[in-house]
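See structure below.
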Amino acid sequence: MEEPYEAKVSRTVLEKRLEQCCSHRLQLPNSLSTVDIIEAQSRYGFWGWNLWRQPIGFIAFFISSLAECERLPFDLPEAEEELVAGHQTEYSGIKFGLFYVASHPNLLVSSLFVTVLYLGGWNFSIPAIPISEHFERDSINGISEVFDITMGILILLAKAYLFLFLSITTRWTLPRMRMDQLLDLGWKFHLPIALGNLLLTASFQLLLL
27 MEEPYEAKVS
37 RTVLEKRLEQ
47 CCSHRLQLPN
57 SLSTVDIIEA
67 QSRYGFWGWN
77 LWRQPIGFIA
87 FFISSLAECE
97 RLPFDLPEAE
107 EELVAGHQTE
117 YSGIKFGLFY
127 VASHPNLLVS
137 SLFVTVLYLG
147 GWNFSIPAIP
157 ISEHFERDSI
167 NGISEVFDIT
177 MGILILLAKA
187 YLFLFLSITT
197 RWTLPRMRMD
207 QLLDLGWKFH
217 LPIALGNLLL
227 TASFQLLLL
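If you're matching positions, the sequence shown starts at 27 in the numbering used here and goes up one per residue.
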């Protein structure tokens with residue numbers, strides 16, 4: 027199936043900004059490792075999240091991720107207001123269901139990316155009593171390791187769920203943009219802001235060398 031024209035415009039205008047958002051985000055820890063990115067945010071606890079250090083980048087990444095997942099107000103390829111299910115009208119049954127099987131995991135992956143890059147990943151970021159204080163030292167190693175891994179997974183999923191809920195909320199509240207509005211947003215506002223933030227981050231990192 028050929029990609030719809032609206033999808034090509036959305037991909038060109040907004041989705042390419044994801045690369046710029048990730049590039050300026052990777053400049054802060056000077057590493058491509060997600061572990062290093064999360065550890066760099068954990069040094070200062072809650073206030074060390076890149077959400078506070080890179081608020082412009084977070085907003086740009088959020089807008090680009092909505093466009094990537096074709097969520098309102100950037101659902102131009104689907105256009106539910108113009109056609110029933112948009113370009114998916116000719117499909118039914120399992121073929122129609124596969125569109126949603128691909129769409130919702132895409133939104134979940136975007137939420138996990140935001141959690142790792144901007145929300146501290148699996149770190150709790152709030153001071154707490156270590157679990158080792160509640161057990162004898164001889165029996166703590168295995169229990170503590172399992173507990174830390176389990177809590178890390180739960181914290182990561184909880185943060186991803188918050189961003190997932192925010193993405194779904196925009197679908198409930200914002201109307202779909204017209205093609206000209208999407209082009210204006212992408213070329214006149216989103217691109218200059220993303221490039222400006224990239225240059226500011228690079229300049230700041232050069233001053234620290």
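Idealized CB from N, CA, C, for every residue including glycine. What you are looking at is a predicted structure, and each value in this text was computed from that prediction instead of being measured.
Taking 8 Å as the cut-off, does the segment 173–188 touch the segment 129–146 (at least 3 CB pairs, one atom from each stretch)?
yes
Would the beta-carbon of ILE194 fall within 8 Å of that of ILE82?
no
Tell me where the alpha helix (DSSP H) around GLY83 begins and ends.
81–94
Applying the criterion that 16 or more other CB atoms from any shown protein chain within 10 Å of the CB defines a buried residue, is GLN80 buried or exposed?
buried
If you measure between the beta carbons of PHE100 and LEU208, is that distance less than 8 Å?
yes
Under 6 Å Cβ to Cβ from SER91, same chain only, skipping five residues before and after it: list those, please.
SER136
If you drop the 5 nearest sequence neighbours on each side, which residues of the same chain put their C-beta closer than 7 Å to that of LEU234?
none
Residues of its chain near MET203, where Cβ-Cβ distance is below 6 Å and the 5 sequence neighbours each way are ignored
PRO99
Proximity winner among PHE215, LEU225 and SER229, relative to ILE85 (alpha-carbon distances):
PHE215
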